Amino acid sequence: MDRKNTILFYSTAADVAVIDQLTKYLARQNLASGKPVEVIAGLLDLPLNFNTGAAFGLLPDWAPLLIIMALVAIFIIVKLRGVGGGSLPVSIGLGLLLGGAIGNLIDRIAFPARGVTDFIDIHIFVKGQTHAWPTFNIADVGIVVGAILVLFHVYILERMRMDDGDTEAAD
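Per my numbering, the sequence shown starts with residue 1373, numbered consecutively.
Take a look at the structure:
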(Lines of atoms letter the chains of each structure in order from A and count residues from 1; the text may use other names and numbers.)
(Lines give C-alpha, C1' and ligand atoms only; values in the text may rest on other atoms or scores of the structure.)
Protein backbone atom coordinates (compact mmCIF):
# COMPACT_ATOMS: atom_id res chain seq x y z
CA MET A 1 0.00 0.00 0.00
CA ASP A 2 1.35 3.41 -0.99
CA ARG A 3 2.29 5.47 2.12
CA LYS A 4 1.32 8.74 0.40
CA ASN A 5 -2.19 7.45 -0.38
CA THR A 6 -2.58 6.11 3.16
CA ILE A 7 -1.68 9.50 4.59
CA LEU A 8 -4.06 11.16 2.12
CA PHE A 9 -6.85 8.74 3.10
CA TYR A 10 -6.57 9.46 6.83
CA SER A 11 -5.90 13.20 6.44
CA THR A 12 -8.93 13.57 4.14
CA ALA A 13 -11.06 11.75 6.71
CA ALA A 14 -9.74 13.92 9.54
CA ASP A 15 -10.24 17.13 7.54
CA VAL A 16 -13.84 16.27 6.69
CA ALA A 17 -14.67 15.30 10.28
CA VAL A 18 -13.06 18.45 11.74
CA ILE A 19 -14.61 20.82 9.18
CA ASP A 20 -17.97 19.10 9.67
CA GLN A 21 -17.86 19.45 13.44
CA LEU A 22 -16.65 23.06 13.25
CA THR A 23 -19.41 24.10 10.83
CA LYS A 24 -22.06 22.29 12.91
CA TYR A 25 -20.82 24.07 16.02
CA LEU A 26 -20.99 27.43 14.23
CA ALA A 27 -24.49 26.59 12.96
CA ARG A 28 -25.70 25.71 16.47
CA GLN A 29 -24.17 28.92 17.87
CA ASN A 30 -25.33 31.32 15.16
CA LEU A 31 -28.54 29.96 13.63
CA ALA A 32 -31.97 29.73 15.23
CA SER A 33 -34.30 26.83 14.58
CA GLY A 34 -37.19 27.93 12.37
CA LYS A 35 -35.35 31.08 11.21
CA PRO A 36 -33.26 30.22 8.13
CA VAL A 37 -30.62 32.68 6.95
CA GLU A 38 -30.83 33.37 3.22
CA VAL A 39 -27.33 33.24 1.69
CA ILE A 40 -28.13 33.17 -2.04
CA ALA A 41 -31.72 34.13 -2.85
CA GLY A 42 -33.63 31.29 -4.45
CA LEU A 43 -30.75 28.82 -4.06
CA LEU A 44 -29.08 28.54 -0.64
CA ASP A 45 -30.38 29.01 2.89
CA LEU A 46 -28.88 28.08 6.24
CA PRO A 47 -31.63 26.68 8.47
CA LEU A 48 -30.85 24.94 11.75
CA ASN A 49 -32.36 21.45 11.81
CA PHE A 50 -31.74 18.32 13.80
CA ASN A 51 -32.20 14.82 12.41
CA THR A 52 -32.61 11.88 14.78
CA GLY A 53 -32.93 9.54 11.81
CA ALA A 54 -30.80 8.40 8.92
CA ALA A 55 -30.60 10.00 5.47
CA PHE A 56 -33.76 11.91 4.52
CA GLY A 57 -35.10 11.43 8.07
CA LEU A 58 -35.57 7.67 7.69
CA LEU A 59 -35.64 5.62 10.91
CA PRO A 60 -36.21 8.54 13.27
CA ASP A 61 -35.25 7.94 16.89
CA TRP A 62 -33.29 4.76 16.12
CA ALA A 63 -30.00 6.17 17.45
CA PRO A 64 -28.56 2.88 18.81
CA LEU A 65 -29.08 1.12 15.46
CA LEU A 66 -27.69 4.10 13.52
CA ILE A 67 -24.62 4.22 15.77
CA ILE A 68 -23.98 0.51 15.19
CA MET A 69 -24.48 0.97 11.44
CA ALA A 70 -22.01 3.88 11.42
CA LEU A 71 -19.41 1.85 13.32
CA VAL A 72 -19.83 -1.03 10.86
CA ALA A 73 -19.54 1.40 7.92
CA ILE A 74 -16.36 2.90 9.39
CA PHE A 75 -14.87 -0.58 9.83
CA ILE A 76 -15.77 -1.53 6.24
CA ILE A 77 -14.36 1.71 4.82
CA VAL A 78 -11.03 1.21 6.60
CA LYS A 79 -10.90 -2.42 5.45
CA LEU A 80 -11.73 -1.42 1.86
CA ARG A 81 -8.88 1.06 1.94
CA GLY A 82 -6.59 -1.73 3.07
CA VAL A 83 -7.50 -3.97 0.13
CA GLY A 84 -8.30 -1.22 -2.37
CA GLY A 85 -5.01 -1.31 -4.24
CA GLY A 86 -3.92 2.15 -3.16
CA SER A 87 -5.26 4.25 -6.03
CA LEU A 88 -5.31 7.99 -5.36
CA PRO A 89 -8.99 8.62 -6.30
CA VAL A 90 -10.17 5.65 -4.23
CA SER A 91 -8.05 6.77 -1.26
CA ILE A 92 -9.56 10.26 -1.40
CA GLY A 93 -13.09 8.93 -1.96
CA LEU A 94 -12.86 6.49 0.93
CA GLY A 95 -11.33 9.24 3.08
CA LEU A 96 -14.33 11.46 2.31
CA LEU A 97 -16.68 8.59 3.20
CA LEU A 98 -14.81 7.88 6.43
CA GLY A 99 -14.74 11.54 7.49
CA GLY A 100 -18.45 11.93 6.78
CA ALA A 101 -19.34 8.80 8.72
CA ILE A 102 -17.23 9.93 11.68
CA GLY A 103 -18.69 13.46 11.60
CA ASN A 104 -22.28 12.25 11.79
CA LEU A 105 -21.37 9.55 14.32
CA ILE A 106 -19.93 12.19 16.65
CA ASP A 107 -23.28 14.03 16.57
CA ARG A 108 -25.25 10.86 17.28
CA ILE A 109 -23.07 10.00 20.28
CA ALA A 110 -22.65 13.55 21.65
CA PHE A 111 -26.26 14.65 21.12
CA PRO A 112 -28.44 11.51 21.17
CA ALA A 113 -31.67 13.40 21.92
CA ARG A 114 -31.38 15.81 19.00
CA GLY A 115 -29.30 13.75 16.58
CA VAL A 116 -27.31 15.09 13.67
CA THR A 117 -27.09 18.84 13.05
CA ASP A 118 -28.12 19.81 9.51
CA PHE A 119 -27.89 23.38 8.25
CA ILE A 120 -27.42 23.57 4.47
CA ASP A 121 -30.54 23.91 2.33
CA ILE A 122 -30.31 24.03 -1.46
CA HIS A 123 -33.43 24.75 -3.46
CA ILE A 124 -34.38 26.09 -6.86
CA PHE A 125 -37.52 27.63 -8.26
CA VAL A 126 -38.71 26.22 -11.57
CA LYS A 127 -41.97 27.37 -13.16
CA GLY A 128 -43.24 28.77 -9.88
CA GLN A 129 -42.47 25.65 -7.86
CA THR A 130 -39.76 25.15 -5.27
CA HIS A 131 -37.63 22.04 -5.65
CA ALA A 132 -35.52 21.42 -2.58
CA TRP A 133 -32.98 18.84 -1.48
CA PRO A 134 -33.35 17.75 2.15
CA THR A 135 -31.27 19.84 4.54
CA PHE A 136 -27.77 18.43 4.98
CA ASN A 137 -24.30 19.09 6.45
CA ILE A 138 -20.61 18.83 5.49
CA ALA A 139 -20.40 15.17 6.58
CA ASP A 140 -23.22 14.37 4.16
CA VAL A 141 -21.33 16.15 1.37
CA GLY A 142 -18.25 14.04 2.16
CA ILE A 143 -20.31 10.85 2.04
CA VAL A 144 -21.99 11.69 -1.28
CA VAL A 145 -18.88 13.03 -3.03
CA GLY A 146 -16.78 10.14 -1.68
CA ALA A 147 -19.28 7.53 -2.87
CA ILE A 148 -19.48 9.14 -6.31
CA LEU A 149 -15.69 9.32 -6.59
CA VAL A 150 -15.19 5.68 -5.56
CA LEU A 151 -18.01 4.35 -7.72
CA PHE A 152 -16.94 6.40 -10.73
CA HIS A 153 -13.32 5.34 -10.39
CA VAL A 154 -14.18 1.68 -9.84
CA TYR A 155 -16.61 1.77 -12.77
CA ILE A 156 -14.01 3.37 -15.08
CA LEU A 157 -11.34 0.87 -14.00
CA GLU A 158 -13.71 -2.06 -14.45
CA ARG A 159 -14.71 -0.76 -17.87
CA MET A 160 -11.06 -0.41 -18.88
CA ARG A 161 -10.31 -3.93 -17.61
CA MET A 162 -13.28 -5.30 -19.52
CA ASP A 163 -12.19 -3.45 -22.66
CA ASP A 164 -8.62 -4.75 -22.24
CA GLY A 165 -9.99 -8.27 -21.73
CA ASP A 166 -12.04 -8.00 -24.92
CA THR A 167 -8.95 -6.87 -26.85
CA GLU A 168 -6.83 -9.74 -25.47
CA ALA A 169 -9.60 -12.27 -26.23
CA ALA A 170 -9.78 -11.01 -29.83
CA ASP A 171 -6.00 -11.49 -30.35
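Beta carbons are placed, not taken as given, at the ideal position from N, Cα and C, and that holds for glycine.
Just so we're clear, the structure is a prediction, and the values are computed from it rather than from any experiment.
Note on ILE1528: under 16 other CB atoms within 10 angstroms of its CB, so exposed under the neighbour-count rule. Residue nearest to THR1507 within the set ILE1494, VAL1498 and VAL1517 is ILE1494 (criterion: CA-CA distance). DSSP places ASP1374 outside both helix and strand once states are collapsed to three, so it counts as coil. Put simply, the segment 1383-1394 touches the segment 1474-1483. At least three CB pairs are less than 8 Å apart. Using a 10 angstroms sphere on the CB of GLY1467, the tally of other CB atoms reaches 16 or more, which defines it as buried.
The DSSP-derived three-state label of ALA1413 is coil. In chain order, PRO1408, GLU1410 and ASP1493 place their CB closer than 6 Å to the CB of ASP1417, counting only its own chain and leaving out the 5 sequence neighbours on each side.
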